[in-house]
Structure formats: C-alpha cells, structure tokens
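Chemist: Chains as they are written, first to last, in the numbering used here: chain D, -12 to 349; chain G, 3 to 398; chain P, 27 to 354.
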C-alpha cells in the first residue's frame, strides 16, 4: 500500500476526512445491510456497492441538495452520499411505513426527493432519461442546477444510453454521466460484452467531453466531477466521467459468483480498498483515534437506524391501494372511488361494489 | 333422489295457489297419481296428484300457506332412496335454507310482492331451466309472476322483458288498496282469495243501471218448452247482445274488448262461490246452453270443476232467482268490467197498456266498472237485454 | 362557441396552456420547424421560442425518458410521439418509469407529463402507423388515458391533461384533425378527466364509445331513428379512469348495450367494460353485451382491405338494431 508523499492540509485535508467519513458510513451501511438481509430482515433483493464507495462519496461531495442524481439498483451508496438519512434508508429496506418511500419501493427503488435523489432504478439504464430530463428542466427553468447519472458498464450497452448521451450532447444539457465501471454487469464481464476497454470512448462518439479516473481514489473522482459540475453550471454542457472501480461482493446478496475467482476479489480489494486508500493518503493528517472514531460513529448511526426500523410499523394494508395518482386520496377525485372499490374488493373476496349494482347511483 | 312436489300452474294467469288441505301427511306412503293435497286459487279448488310413488317426506307448507306456481311445496322420497327424513312444514328458524327461501306471498295489500329471499324464485315446474334475460327475471320478481310456462320470444326462446306476464289479475286492482287488506285472523283459507279480490274491487267505481222487466213471455216459454231455465236464457241472450256492445265486455287488463263470448255463471256450492264459464255461448243453441249450465252446476256442486271450466270469461251473470230473491246488484269479476244480476221472476204490480195488473217481473241490474264503461253504453246494453226478456221471440 | 378544426382546437389548447404556465414546454420529432405533420403545432415556436418547442432526434426512449425527468423536476413537458405506434420504442420509460415512480417512491414526486400520440386508421398508413393502443395503458396502473372525439374534447381534454399532475396519454385520431366542431370561447374551458359525455339520449339501446367511433355511433343513431329505434350514445372521453357510473346509468336506462371502438376488439377497452357491466349491471340486461372493434389482424395497406376490418356506422347500427329486435 502506497503512502502519501505528503499529507494534505487545510481544506484539502477536511475534504479528505469528509470523503472518508462518507465512505466509512457507506461501508458500515452496506455491511450491515448484508448481515440483516442474510438474517431475513430485508425482503426482496439487495445489491451491495462495497468497493465502489469512492465514486459515490467523491461525486456527491460536489453537489447541492437541489442538484439531481439518478441511481441504479446498486444505489445505497449514492443515496446516503446525496444526503438521505440512514434511518429512512434502513426503515425502507425493512419495509416499514417510516421508510423514505413508505415501504413501497425497497432497495431497488429507494428515492429521496428532498435531497434531489430521483431514485434507484430497477431497470438497468432507467436513469439516463431521467437525468437528461432533469438537466433539460434546469435549462427550461433557467437555473444552474445540474443532474448526475450513476450507471454501470452493463447499462452502456442499452439503447437509452446512446439516445440520451446524444441528446444531452446535441442540446448541451447540464448533465454528468458517471460510469462505475466495476468490470461486471451481472455475470458477464466487460471483456465479454464490449470490444472496447475504455467505455469513455463511447462519449467521443457523441461529441461529449470525457475523463477516465481511478474509481478507488475519492480525491480523483471528486476533482473530475468538480470540473464537470463547473462546466455544466456555466452552460458548457455534459461530461462523461468513467470511474474504474470494482465491486467486492456479488451482483446481489446471495450471488454464488461463479463468474470470477475469489482470489481476484481479494487481490483487488487488498490493493485498492478506497477506504484504506484514503486513510493512507491522509496519513498523519488523520490520527488513528479519529479514524477509529469515524467507524464508531458510523456503527452507532447504523445501530440506531436498525432500532428505528425495528420499532416502526409495517405499512397499513390500505396503502397498497392508494398513492398511485396525484389527488387519489381526495374523495372527490374519480380515481379515488375506483381505488376504494378495489380495496374493498379484496376482503378476502367481495365482488366490487359499485354503481349499477343494486341500482345504486354513482 | 327425492322428487319435488310443486305448486301447479293451473291456468295461464295463475300466479299462486294456496294449500287448502294436505290429503296425505308426512311419512305417508303415496302412489303416483293418488290425490296428495287440495290446492285452491281465487277461482277453484283442485286436487293435486302425487308425481311419484314413494313416501311423502317433507311438507314445505302448511294448510293455508300460499306459494307461487312452480314453488316446491313438498318432497317424495323414492323407495329406492331408503328411509327419508320426515318432517312437517318446519318453523322458519329450523328450516333448511331452501325452505326459508320458498316464496311466501304476502297478502298485506300489495298483492304478490316478493320477499328478498324470493330471488330464488324457482325455475320451471318441470325442473328444466328457464332461459330468461336477467332483466326479465327481475321484472318477473317485481310483478310476482312465475316464468314457468312463459314462452320467450327472444333468440332461442329466451324470455325477454316484453314476454313477462302482467301481475296476478287481482294485482292491478290491489294496487289501489294498499292500505287495506289485513285479513282477519280466523278467515278460512278458502276465503282468502275472494277476501282479497273483494277488498280491491271495493275501491273501484262501480255504478249500476237497473230495470224491472215484464217477463211474462219468457215465463210462458219456459213452461211450454221445459228445456231451458232463466239462467240459460240470460246467458243465451247476453252472449248475443254483447256482440254489439264491445264496451261492456272490455278486458280490464288490456283495455280492449274480449273477443270471445264466454259467459260466467255464478254458482253457489257447498265450497263457496264459484263461477263456471259457458264457453262460446253465442254459438250455442238455447237447449245446449241449458245442458252446459246443468253440467257445470253438477261439477261445481261436486267440487270437480277443472281450471278450464273457470276463468277468462268476458262477462258474468248472477241469478238469485233460485233463492226467491228479487234483486241482486253483484260486483264485476275482474278483469271483466260488467256483470248482470237477475232475481226471481215474481208476480208484481205492473202497468200494461195503461192498466194496472199483475205480471211476472224480473229485476235486472247491470253493475259496471266506470273506468272502462260509461253510463250510456251500460244503459243501452241493459235496454237490449230487457228487450230480449220482454220479447224473447226475437231470439228464438 | 366557435367552429374550428380538431387540429386548431389542440393548437389553441397548447397556446393557452403555454401562455398560462411557463414550465409547459413541448418536444417531439418534426414539430418545431415543420409545425407537425397535421399542422397542429404551427406558430408555436414563433410565439414561444425554439427552446420551448423542440425538435428531437429520432430517439423515442430519450424523448419520453427526458419528459419524465423534466416532469419530476418542476416542468410540465408535452411530449409528442409523432405516431402512437412509436410508443413501443419507449415502453420502459412510460410503463416502468412514468407510471410507477410516484407510487414506488411513496408519493414523493409527481409526473405531470402529457404524451400526445396521433393514432388510428387512415389513408392506408399500414400496420405500423395505424394502431390504437389505449387498452395497453388502461391496463397499466399509474397512467391516465384520454381520447377526444371532437374539437371540444380535443381542446378541453388537452388542457386537462397538461394541467393534470399525473402522466397522461392523449390519443388524437389522425383522421379527426381536419374535422370541424364547436368549441366554447372560454379560455379556461377544461373537460374534466374521468367524466363521460352523453351525446344523445334514447331509451332503446346504449352505444358506449369514444374517439373517432363516437361520430360513427352518432351516424348510426341517426339511421336507427329512421327505424324507430332511439339510441343513447355515450362518449367516454377518458379511458382511464373510466366513468363506470355513466355506463351503469346508460345500461339501467336502456337494458341493451353495444360497446364500439376502433381499437382491436380482443382485449380492448370494451372488454373491460363488458366484463364490468356483466358484474355490476347484470339485472339490467335484457340482452348480451355486444362489443365491436377492429379485427384481430394488423391493419392492412390496400384500401379495400383496410376498410373491411374496423367498425363503422352501418355495423354499429346493425348491431344495435339486432339487439333491439331481440335477435341477439
């Protein structure tokens, strides 16, 4: 492990500590989610981003709360880094009504619009359009907001990747495309699914400026994104930033990982764990006790989040039937009546009561 | 598989019948064709035969209970079924569900209003499926009529709304008297139908026109020929006179005149009033009318009239002469809209050719439903009847 | 009231809503410079600028995806699909994103996007330019679907769609664009989403319909009148949420119903209504529910073939007549 030649100082040091704190919080969250998923506390699927923390932390440190991000199915790190509370996240994963999506989204669809997080997406490549749109929206409303899309190497083979990069380039939209190239889609490596090695070359095809950075180095990610954000805010259009990184866990929790060797995982993490990297880069600028305290705080935060989730109720049964349309909780809205009838029909079975039956009026 | 005993539909317009009397009791062995129970309607009483041989297992109604036509009123366990559970008509509380649902027809003045449970208004009496549109079924429920026996004019014989018969004859009247009609508690079952009908008729506008006719000529004819009586003469004359007086033979159900000349003749029997009908009376010779009246009277006395012998008349005659009474003003028998009452031909003071002398006088009263018949047409009709009585040679 | 074309009615709606709300903007293929292939956008870029009326590349997924993203972040985009058939190129964006985000995210956002889709059979456009796909979206929880039948609907429903906070599909039949109709003068005139309109009342049979088939149903009703048959014509206007109450009233009054639309009959919107009527209006029915729709074939090119496979006025009148005569 390389030591920094000299420890950063002042604002740079503070940035480094902030990035490290965020990465440690992400790591603690992800390891905790892994443990609770395997214990049966979390329904559905969960996709861990252990190893990729530097990309989330380094990117989001540049963004305001009113800048938008769109994330992937592997979005816990992005969500936390953009400013969502651990309590809201853990409660959501535990399917509680106090979750940030009221228990209706779960891990793959976690979102927090209060901090500009436009959602993790269950569709690979689902975020490209949303970010293009958020960027277009900023232009329409004449603000200097920017929109950031996180995505993986697998998504770059989908149609919407190409359509949206092209659109953002030709319309000069304030969008930033942050590729977490972790070398594997689900079970297929990049070598199997594309001819090129540096996906940033695809940005060239659309006339979009790009950068390739070491995705394990939070400072490097931070600096590249800072430049992209500045360009975007100034009306200079979109940027593509490829972060070379790696996921230390399987595609999903429970993945048997037959597509790679365990030794590969160990080697990469040994050489490149972003937390260890940052700790090394900070060197003496971060005393060991402070480093340990970051972990302790993060663990306490997570434990509190779990306790909060555990003590929160599951969503009310009626919640299944409402919240689809804006205004559908208003009895005067035509959709409300339809949804209420649906709710009443499932009791365990009651034919929907409605206008026309027994001659009743609407 | 037990065989159902159902309330028979004894005529096109019959909607319900009353169990007058179970002849067999629960647990009795019965043979197919053997009389099982007596059913009465507003027109007649009728013996219902057992549809199968076996044991009368269940009675689903007691003496005096009314059921819609086609309703199951009992079951016969076939011998092959082995011992069947025996039960008399149970209390509602103990009844298995299909008993509770057998429609009871409320007589509370609103005619044959079905209860909520009569949504299971049963199928065709023979057990084959009635094909009817949902709306037709609902309409039938509302009208309290059975669809059994109704011919559908829809595709493949489907009964549609326009095929659903109008309600029970009495219903069109009974709708007028919704506040009345609580039957006295000890009213015999056999009198229920007439009670209801007269309660309803009582609401109608029934004026009368009257004339006392000099019937010496008919009296002499009767004495001389000996092959007809007063009632026969009245039927014979009225049937022919009615041809020219369509208003007086208006059908209250349709509002149009009856086009057949079937004349009802009120008859007093040990079982109460019945009104057998002389069919096509306008085509019968006087002696044949007499024979028919005699035949019907005998059947009536014996309680042996069939449903074809009663009902669907266009006009009726009530004669209280046999009782020696001079005048009767009867009420029309719906859906007929007029009725002639005649009394005994008795010697009374009369003015003949300006001189006072005794003569055989017959009081004729025509009662009529003023919703359909006005005074003048009624009077014109009665005038023609009187002329027939006073100058019988015209007809013979 | 003024009489204007359907196309001009949509144009008026766009203009009024873009004047009223600066966050409304329009994008699609071949709309800004060309003014739309039916002239339905002409003059808009000149008034509002080419930033608010944008021609996009041929990128339906980006078009609809960006529409959703803009709707999530404070704008009211109107996205034009050019032909409804091309919605298929953006199904994920519409079905997995637009329809579901509000619900999945626990109501944190709204998606006030309007998606305009010229649809329907006309002029031998062939099978890939002639479809009517509204039943797919009635089947997708989270979307609103409206189908105008005439100029009044065109204007009022488009304004309602733009003002709605929900993602709304607006299917405008290509053959209706030149059709003239009366439109109220009030520039706040909005046709409420979810409310059907009784076009004419009659006791004998109800024809439940929408879109271009409404006009055909009215023709059928006029022909039926000559036969002494009085038909109710109910123009649904909105396919989701359906005005079930209006349908129930029509069935209760007439006891016989024909449902007619140009979309494929199998699994069409009429199928949902027919099943619902059987469940909820059973006792009102004096005859089976009849559905008319296009045959279950792709729309053919040759005019003789094209004209043979979807319901028009004579077919609607015939079905209604046979119902009333109790032949069905």
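Where a beta carbon is used, it is the ideal one built from N, C-alpha and C, also for glycine.
Sort out for me which residues DSSP pairs residue 326 of chain G with in a bridge.
Modeler: Beta-bridge pairing links residue 326 of chain G to no other residue.
Chemist: Interface residues of chain G around residue 159 of chain P at Cβ under 9 Å?
Modeler: Within chain G, no residue comes near residue 159 of chain P; the closest Cβ sits about 33 Å away, beyond 9 Å.
Chemist: Roughly how many angstroms separate the alpha carbons of residue 249 of chain D and residue 260 of chain D, rounded to a whole number?
Modeler: Taking the straight line from one Cα to the other gives about 15 Å.
Chemist: Taking 8 Å as the threshold (beta carbon to beta carbon), is residue 96 of chain P in contact with chain D?
Modeler: Yes, residue 96 of chain P lies at the interface with chain D (some Cβ there is under 8 Å from its Cβ).
Chemist: Based on the DSSP output, what are the partners of residue 213 of chain G in its beta bridges?
Modeler: Residue 213 of chain G is bridged to G/366.
Chemist: Quick one: is residue 151 of chain D near chain P, going by C-beta distance under 8 Å?
Modeler: It does: the Cβ of residue 151 of chain D has a partner Cβ on chain P nearer than 8 Å.
Chemist: Determine the burial state of residue 179 of chain D: buried for a count of at least 16 other Cβ atoms within 10 Å of its Cβ, exposed for fewer.
Modeler: Its Cβ having fewer than 16 others within 10 Å, residue 179 of chain D is exposed.
Chemist: According to DSSP, what are the bridge partners of residue 346 of chain G?
Modeler: For residue 346 of chain G, which the question treats as bridged, DSSP gives no partner whatsoever.
Chemist: Give, in chain order, every residue of the segment 295 to 319 of chain D whose Cβ lies closer than 8 Å to some Cβ of chain P.
Modeler: For the segment 295 to 319 of chain D, which is checked against every Cβ of chain P, the residues closer than 8 Å are 310, 311, 312, 313 and 314.
Chemist: Could you tell me which uninterrupted alpha helix (DSSP H) segments, each at least 4 residues in length, are contained entirely in the segment 200 to 270 of chain G, listed from first to last along the chain?
Modeler: Taking only runs of at least 4 residues, the alpha helix (DSSP H) segments lying wholly in the segment 200 to 270 of chain G are 218 to 227 and 232 to 243.
Chemist: Residue 282 of chain G: buried (16+ other C-beta within 10 angstroms of its C-beta) or exposed?
Modeler: Exposed, by the Cβ-count rule.
Chemist: Where does residue 388 of chain G sit, in a helix, a strand or coil, going by DSSP?
Modeler: Three-state result, residue 388 of chain G: helix.
Chemist: Given residue 13 of chain D, which residues of its chain have a CB within under 8 Å of its CB, disregarding the five upstream and five downstream residues?
Modeler: Excluding positions up to five away in sequence, the list reads 36, 40, 43, 44, 63, 64, 67 and 68.
Chemist: Classify residue 32 of chain D as helix, strand or coil using the three-state DSSP reduction.
Modeler: Reduced to three states, the DSSP call for residue 32 of chain D is coil.
Chemist: Exposed or buried, what is residue 94 of chain P when buried is set at 16 or more other beta-carbons lying within 10 Å of its beta-carbon?
Modeler: It is buried - the Cβ of residue 94 of chain P has at least 16 other Cβ atoms within 10 Å.
Chemist: Quick one: is residue 130 of chain P near chain D, going by C-beta distance under 8 Å?
Modeler: Judged by the 8 Å Cβ criterion, residue 130 of chain P is in contact with chain D.
Chemist: Using the rule of at least 16 other Cβ atoms within 10 Å of the residue's Cβ for burial, across every protein chain shown, is residue 275 of chain P buried or exposed?
Modeler: Buried is the call here.
Chemist: Is residue 240 of chain D helix, strand or coil when you go by DSSP?
Modeler: Here residue 240 of chain D sits in coil by DSSP.
Chemist: DSSP three-state call for residue 133 of chain D: helix, strand or coil?
Modeler: Coil, per DSSP.
Chemist: Could you name the residues of the same chain whose beta carbon sits closer than 6 Å to that of residue 367 of chain G, not counting the 5 residues immediately before and after it, in chain order?
Modeler: If we look at residue 367 of chain G and ignore the five residues flanking it on each side, its Cβ neighbours are 210, 212, 331 and 343.
Chemist: I want to verify the contact list: residues of chain P whose CB lies under 8 Å from the CB of residue 127 of chain D, in sequence order.
Modeler: Correct list: 49, 51, 77, 78, 96 and 101.
Chemist: In or out: residue 182 of chain D buried (at least 16 other Cβ within 10 Å) or exposed?
Modeler: With fewer than 16 Cβ atoms within 10 Å of its Cβ, residue 182 of chain D is classed as exposed.
Chemist: Can you tell which of D/297, D/238 and D/311 has the C-alpha that lies nearest to the C-alpha of residue 138 of chain P?
Modeler: That would be D/311, whose Cα lies nearest to the Cα of residue 138 of chain P.
Chemist: Relative to the C-alpha of residue 96 of chain P, which residue among D/166, D/239 and D/114 is closest?
Modeler: Closest by alpha carbon: D/114.
Chemist: With the cut-off set at 8 Å, would you say residue 404 of chain G and residue 78 of chain G are in Cβ contact?
Modeler: Residue 404 of chain G cannot be examined here, being either before or after the span of chain G that is shown, 3 to 398.
Chemist: Which runs of the alpha helix (DSSP H) fall wholly inside the segment 237 to 315 of chain D and span at least 4 residues, in chain order?
Modeler: Those alpha helix (DSSP H) runs which fall completely within the segment 237 to 315 of chain D and span 4+ residues are 249 to 259, 261 to 269 and 275 to 297.
Chemist: Counting Cβ pairs, one atom from each stretch, are 3 or more of them under 8 Å apart for the segment 190 to 204 of chain P and the segment 242 to 260 of chain P?
Modeler: Flag = no, the segment 190 to 204 of chain P and the segment 242 to 260 of chain P do not touch.
Chemist: Taking 8 Å as the CB-CB cut-off, is residue 133 of chain D touching chain P?
Modeler: Cβ-Cβ to chain P under 8 Å: no for residue 133 of chain D.
Chemist: Mind checking the segment 17 to 36 of chain G against chain P and listing, in chain order, the residues whose C-beta falls within less than 7 Å of any C-beta there?
Modeler: Correct list: empty, as no residue qualifies.
Chemist: Can you find at least 3 beta carbon pairs, one from the segment 222 to 239 of chain G and one from the segment 316 to 336 of chain G, that sit closer than 8 Å?
Modeler: Short answer: they touch.
Chemist: Comparing alpha-carbon positions, which option in G/314, G/155, G/350 and G/390 lies nearest residue 350 of chain P?
Modeler: If we check each option's Cα against that of residue 350 of chain P, G/155 comes out closest.
Chemist: Rounded to a whole number of angstroms, what is the C-alpha to C-alpha distance between residue 120 of chain G and residue 75 of chain G?
Modeler: With a pLDDT of only 36 at residue 120 of chain G, under the threshold of 50, the placement of this residue in the model should not be trusted; the figure read from the coordinates follows. Each residue's Cα considered, the two are about 14 Å apart.
Chemist: Using only the alpha-carbon positions, how far apart do residue 116 of chain P and residue 164 of chain D sit?
Modeler: Straight-line Cα distance between these residues: approximately 21 Å.
Chemist: Examine chain P for any beta-carbon lying closer than 8 Å to the beta-carbon of residue 325 of chain D, and answer yes or no.
Modeler: Yes, contact with chain P.
Chemist: Would the segment -10 to 5 of chain D and the segment 190 to 198 of chain D be scored as touching if the rule is three or more Cβ pairs under 8 Å?
Modeler: Contact fails: fewer than three Cβ-Cβ distances are below 8 Å.
Chemist: Who are residue 158 of chain D's beta bridge partners in DSSP?
Modeler: Residue 158 of chain D pairs with nothing; no bridge assigned.
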